[in-house]
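Structure record follows, encoded as structure tokens.
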Amino acid sequence: MSGVLLLLLTFFAVSKAQPHSNDPPPSSTVCIVGAGIGGSSVAHFLRKYSPDSTPATKIRVFERNGVVGGRTATVTVAGETFEAGASILHPKNLHAVDYTKILNLKVKEPRSDSLSLGIWNGNEFVFKTVTLSSNVPFIDKLLKLPIINSLVSLVNSALMFFRYGFSLFTMQNFVESTVGRFLKYYEGHGSRPIFETVDEMLQWAGLYNLTTRTLQDELVDTGLSTLLINELVTVITRINYGQSVYMSGLAGAVSLAGSGGGLWSIEGGNWQMAAGLINQSNVALHLHEEIKSVADLGDYYELNSTKGKSYKCEVAVVATPLDELDIEFVPPISIPERKLQHTHTTFVRGLLNPAYFGLKAVTKVPDLVGTIEDPNLPFSSISVLKKHNEKESTYKIFSRQPMTDALLDRVFSVRKETIRINWAAYPHYHAPEVFAPFILDRRHLYYVNAFENAASTMETSAVAAENIARLILSRYFGRVIMHSSNLSASSPGEGTHLDL
Ligand SMILES: Cc1cc2nc3c(=O)[nH]c(=O)nc-3n(C[C@H](O)[C@H](O)[C@H](O)COP(=O)(O)OP(=O)(O)OC[C@H]3O[C@@H](n4cnc5c(N)ncnc54)[C@H](O)[C@@H]3O)c2cc1C
Numbered sequence: 142m143s144g145v146l147l148l149l150l151t152f153f154a155v156s157k158a159q160p161h162s163n164d165p166p167p168s169s170t171v172c173i174v175g176a177g178i179g180g181s182s183v184a185h186f187l188r189k190y191s192p193d194s195t196p197a198t199k200i201r202v203f204e205r206n207g208v209v210g211g212r213t214a215t216v217t218v219a220g221e222t223f224e225a226g227a228s229i230l231h232p233k234n235l236h237a238v239d240y241t242k243i244l245n246l247k248v249k250e251p252r253s254d255s256l257s258l259g260i261w262n263g264n265e266f267v268f269k270t271v272t273l274s275s276n277v278p279f280i281d282k283l284l285k286l287p288i289i290n291s292l293v294s295l296v297n298s299a300l301m302f303f304r305y306g307f308s309l310f311t312m313q314n315f316v317e318s319t320v321g322r323f324l325k326y327y328e329g330h331g332s333r334p335i336f337e338t339v340d341e342m343l344q345w346a347g348l349y350n351l352t353t354r355t356l357q358d359e360l361v362d363t364g365l366s367t368l369l370i371n372e373l374v375t376v377i378t379r380i381n382y383g384q385s386v387y388m389s390g391l392a393g394a395v396s397l398a399g400s401g402g403g404l405w406s407i408e409g410g411n412w413q414m415a416a417g418l419i420n421q422s423n424v425a426l427h428l429h430e431e432i433k434s435v436a437d438l439g440d441y442y443e444l445n446s447t448k449g450k451s452y453k454c455e456v457a458v459v460a461t462p463l464d465e466l467d468i469e470f471v472p473p474i475s476i477p478e479r480k481l482q483h484t485h486t487t488f489v490r491g492l493l494n495p496a497y498f499g500l501k502a503v504t505k506v507p508d509l510v511g512t513i514e515d516p517n518l519p520f521s522s523i524s525v526l527k528k529h530n531e532k533e534s535t536y537k538i539f540s541r542q543p544m545t546d547a548l549l550d551r552v553f554s555v556r557k558e559t560i561r562i563n564w565a566a567y568p569h570y571h572a573p574e575v576f577a578p579f580i581l582d583r584r585h586l587y588y589v590n591a592f593e594n595a596a597s598t599m600e601t602s603a604v605a606a607e608n609i610a611r612l613i614l615s616r617y618f619g620r621v622i623m624h625s626s627n628l629s630a631s632s633p634g635e636g637t638h639l640d641l
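Here it is as structure tokens:
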């Protein structure tokens with residue numbers, strides 16, 4: 142071999158071994174703080190869009206609790222499992238639909254009977270749908286027959302129309318148009334940009350303006366009647382976000398979408414989506430390990446945990462709201478101040494006291510008691526989750542303040558079991574919304590929950606997480622994701638949610 146050839150070969154060998162200085166190191170670690178649906182979705186989409194990187198890229202997921210799922214969690218009352226946090230999914234939550242399919246999860250059977258609704262103002266029910274029930278089990282069974290149920294639904298639709306008129310259709314159109322715009326986030330990668338800011342992401346889908354005005358203003362301009370806004374719409378925003386119609390318009394519209402038909406959930410608990418995604422994504426899961434600081438050391442971040450351990454991560458993702466946490470960032474980061482709405486969820490096994498509602502029999506109390514906006518009302522809603530027998534049901538109460546024992550003893554005539562959860566539930570929405578950045582430091586520190594000011598749902602977390610995964614792949618790994626998403630906006634849900 143000539144000396145020149147040897148020199149050339151040596152040159153090529155050396156230049157191949159030395160990566161270009163801008164390339165990521167051959168093995169990199171992505172660290173994700175939080176194992177809710179947001180954090181687990183980031184891991185899922187990183188693997189989905191870059192399957193060949195599996196051995197080289199390590200993904201670590203840190204979770205301060207002993208279980209994954211975050212605000213999707215269940216409680217057990219009288220041996221039965223109920224959703225304690227996020228309970229319902231919309232039929233067009235296409236990532237959730239996809240997760241259900243790929244993880245082989247079972248969709249919970251919808252209730253066969255329709256729930257009665259009453260709107261309580263503290264003194265009386267200003268609106269009530271009819272409910273047919275009897276204390277005599279045989280007659281009660283007859284009243285639950287599908288044909289009777291359909292008739293009851295028809296009568297209730299007529300009652301609703303009689304009270305709220307055509308405004309109901311206007312409301313439905315408003316919700317459908319918002320959902321239609323949201324579906325753009327499932328378009329293929331060819332036509333859907335990777336968004337560096339939340340503002341940009343919302344503007345692209347035509348949703349940004351809804352975050353600059355209150356739901357109230359938006360609905361008045363759309364032509365909804367004051368009665369519908371003050372009663373039914375208020376009941377819905379109080380149930381879904383614990384807030385009034387003065388919340389920002391986009392979160393308000395999402396809340397209204399969460400009251401329509403076809404809502405669904407996972408049998409056994411929605412937390413299984415996060416668990417399944419983490420199981421499938423080849424990650425190192427660190428349970429009971431809270432991250433207390435994230436320091437940028439130039440080429441990598443150092444994450445320190447309460448276990449006294451340090452982790453070297455080339456990319457760091459915060460997948461939890463930072464508002465009530467004291468994670469130390471070095472150098473410090475700056476995000477707009479945001480208050481979280483606390484929702485107190487109280488589960489009671491027992492029996493409501495009809496006298497509290499000025500009624501003679503408990504069977505006359507609607508299955509779902511919603512409330513109007515009045516500071517004197519101690520709860521937002523009370524709903525029956527399960528009727529065990531005529532003497533005992535399981536109820537779920539949402540309130541802005543804790544439900545004291547004294548108050549519960551007035552609302553219930555029998556109380557055998559009480560479980561209380563104080564959730565730092567979702568942002569307190571106010572228009573115009575100001576958004577934190579997705580990229581917290583202009584390098585590789587990302588924030589999934591910046592999107593939560595638009596709306597807080599399992600699906601919005603998944604949608605934000607997918608965008609963060611694409612940001613990481615393009616900004617850090619320099620990867621262009623060419624293959625398009627298998628979810629298409631032109632056929633939303635087609636072939637997927639029909640299976641549910
Ligand atoms: C009562 C209630 C009802 C709701 N109803 C619905 C509904 O019906 N439908 C719907 O779609 N959405 C609903 N939501 C909203 C939904 O639950 C959230 O939007 C969604 O679950 C947020 O997911 P996430 O992964 O972004 O955050 P989270 O679920 O909050 O996950 C963040 C995780 O990070 C962990 N963590 C925090 N700090 C650290 C740290 N320093 N180190 C390590 N780990 C950390 C937390 O323990 C948590 O597990 C509801 C929420 C509540 C509270």
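Each position in the sequence shown, counted from 1, maps to that position plus 141 in the numbering used here. Glycine included, each C-beta is placed from N, C-alpha and C at the ideal position.
- ASN423 sits away from ALA436, with the two beta carbons spaced by 9 Å or more.
- With contact defined as three or more Cβ pairs closer than 8 Å, the region 224–231 and the region 382–394 are not in contact.
- Taking 9 Å as the cut-off, the Cβ atoms of ALA219 and GLU533 count as close.
- Looking at the backbone, the Cα of LEU300 and that of VAL361 are separated by about 23 Å.
- Short note on SER228: C-beta closer than 8 Å to some heavy atom of ligand 1.
- Remark: fewer than three beta-carbon pairs, one from each stretch, lie closer than 8 Å, so the region 537–546 and the region 448–467 are not flagged as touching.
- Sorting ASN594, PHE488, VAL503, VAL525 by C-alpha distance to the C-alpha of GLU558 places PHE488 at the top.
- Here VAL552 is not near TYR617, since their CB atoms are 9 Å or more apart.
- For GLY449, the Cβ stays outside the 8 Å cut-off from all heavy atoms of ligand 1.
- In this structure, VAL209 and THR461 do not form a Cβ contact; the two beta carbons are roughly 12 Å apart against a cut-off of 8 Å.
- DSSP places HIS429 in no beta strand (DSSP E); its state is neither H nor E.
- Ranked by Cα distance from GLU574, the options ILE562, VAL202, ASN594 are led by ASN594.
- Cβ atoms of ALA346 and TYR326 come within 8 Å of each other, at about 6 Å.
- A residue is called buried when at least 16 other Cβ atoms come within 10 angstroms of its Cβ; GLU250 does not meet this threshold and is exposed.
- Under the DSSP assignment, GLN384 falls outside any alpha helix (DSSP H); it carries neither an H nor an E label.
- The DSSP-derived three-state label of LYS527 is strand.
- THR353 and ALA591 have their C-alpha atoms some 16 Å from each other.
- If you check the CB distance, ALA394 and PHE315 come in under 9 Å.
- In terms of side-chain proximity, the C-beta atom of MET544 is found no nearer than 8 Å to any non-hydrogen atom of ligand 1.
- Straight across, the Cα-Cα distance linking TRP261 with ASN494 is about 15 Å.
- In the same chain as SER451, and ignoring 5 residues on each side of it, the C-beta atoms closer than 8 Å to its own belong to GLU443, LEU444, ASN445, in chain order.
- If you look at GLY491, you'll find it in the beta strand (DSSP E) that goes 481–493.
- Residue state for ASN234 is assigned as coil, using DSSP reduced to three classes.
- For ASP440, the three-state secondary structure derived from DSSP is coil.
- Taking 9 Å as the cut-off, the Cβ atoms of ALA566 and LEU481 count as close.
- The three-state secondary structure of TYR588, taken from DSSP, is strand.
- Under the three-state reduction of DSSP output, LEU292 falls in the helix class.
- Per DSSP, GLU593 lies in no beta strand (DSSP E) and is assigned neither H nor E.
- Rounded to whole angstroms, the Cβ separation of LEU356 and GLY390 is 5 Å, and the two are in contact under 8 Å.
- Inclusion of GLY180 and GLU204 in the CB contact set at 9 Å is warranted, their separation being smaller than that value.
- One alpha carbon belongs to GLN313, the other to GLY449, and they sit about 53 Å apart.
- For TYR587, the Cβ stays outside the 8 Å cut-off from all heavy atoms of ligand 1.
- In the three-state scheme derived from DSSP, where H, G and I count as helix and E and B as strand, SER191 is classed as coil.
- Not one heavy atom of ligand 1 lies closer than 8 Å to the C-beta of GLU574.
- For GLY259, the secondary structure class from DSSP, reduced to helix, strand or coil, is strand.
- For ARG616, the secondary structure class from DSSP, reduced to helix, strand or coil, is helix.
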